[in-house]
Amino acid sequence: MGLRPLRAVAAPGALWIGALALLAAAACSDDGAPGAVGATARAALAAPNGDGMGAATLTQTPTGVLITAEVRGLSPGAHGFHIHGTGACAPDFTAAGSHFAPGGEPHGFLHEDGPHAGDLPNIHVGEDGTGRADYFTAAVTLAAGADHSLFDADGSAFIVHADPDDYLDVASAGARIACGVIERG
Ligand SMILES: [Cu+2]
Numbered sequence: 036m037g038l039r040p041l042r043a044v045a046a047p048g049a050l051w052i053g054a055l056a057l058l059a060a061a062a063c064s065d066d067g068a069p070g071a072v073g074a075t076a077r078a079a080l081a082a083p084n085g086d087g088m089g090a091a092t093l094t095q096t097p098t099g100v101l102i103t104a105e106v107r108g109l110s111p112g113a114h115g116f117h118i119h120g121t122g123a124c125a126p127d128f129t130a131a132g133s134h135f136a137p138g139g140e141p142h143g144f145l146h147e148d149g150p151h152a153g154d155l156p157n158i159h160v161g162e163d164g165t166g167r168a169d170y171f172t173a174a175v176t177l178a179a180g181a182d183h184s185l186f187d188a189d190g191s192a193f194i195v196h197a198d199p200d201d202y203l204d205v206a207s208a209g210a211r212i213a214c215g216v217i218e219r220g
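When we follow our numbering, the leftmost residue of the sequence shown carries the number 36, and every step to the right adds one.
What follows is the structure in structure tokens.
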């Protein structure tokens, strides 16, 4: 456990993240725990036939989680992009369950009682089928055992949808066209 910040320092290109992890280790009683500041997680996004469709990287910050997503092979336009509540993409993408919502809130940024903790704004795809998005959310954490942890007992997964999320109707984003289990690393 206590070695994790040191390993972060050793990772190529991650020196500043390692420095943050070391600062966190000095400031927190749970130093070195998975999910400490600077800890990362990843998800490889794949189509139902297994074709790669991009990836997402998550980084724990002092107040939330930064998410960088890259997608490819999608139709141009906006696509729903959510964290779903189960870390599984097989036997089909329904295995990922519904949106990550440990507090039981309704779906949608425009819902007066929303959003789900796993709601994220749409990802926008260009004519070449690729898209990028950076998100910050304070509604989730990578910290093990914490409230709203993406690493709860059954894990979590990203789902990319065929259609845009209208930020109100949970069904608006349509079919599940890519899925990726969120894993530490
Ligand atoms: Cu979704």
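Ideal Cβ positions, reconstructed from N, Cα and C, are used throughout, including at glycine.
Is it the case that the CB of residue i approaches a heavy atom of ligand 3 more closely than 7 Å?
i	result
residue 208	Ligand 3 is not part of the structure shown, which contains ligand 1 as its ligands.
Using CA atoms only, rank isn't needed, just tell me which of the options is closest to residue i.
i	options	result
residue 114	101, 188, 219, 165	165
residue 191	69, 77, 71	77
residue 200	92, 126, 146, 185	146
residue 86	220, 219, 214	214
residue 97	178, 72, 107	72
residue 112	159, 140, 127, 92	159
On the DSSP letters alone, give me the boundaries of the beta strand (DSSP E) that residue i sits inside.
i	result
residue 193	192-196
residue 78	75-81
residue 90	87-95
residue 211	211-216
residue 103	100-106
Taking 8 Å as the threshold (C-beta atoms), are residue j and residue i in contact?
i	j	result
residue 89	residue 171	no
residue 175	residue 183	yes
residue 151	residue 131	no
Check the C-beta distance from residue i over to residue j and give it rounded, since I have them as a contact under 8 Å.
i	j	result
residue 193	residue 80	6 Å
residue 118	residue 185	7 Å
residue 93	residue 177	6 Å
residue 140	residue 149	6 Å
residue 219	residue 69	6 Å
Length at least 3, wholly inside the stretch 112-185: the beta strand (DSSP E) runs in chain order: DSSP runs (the beta strand (DSSP E)) wholly in the stretch 112-185: 112-114, 116-119, 158-160, 166-172.
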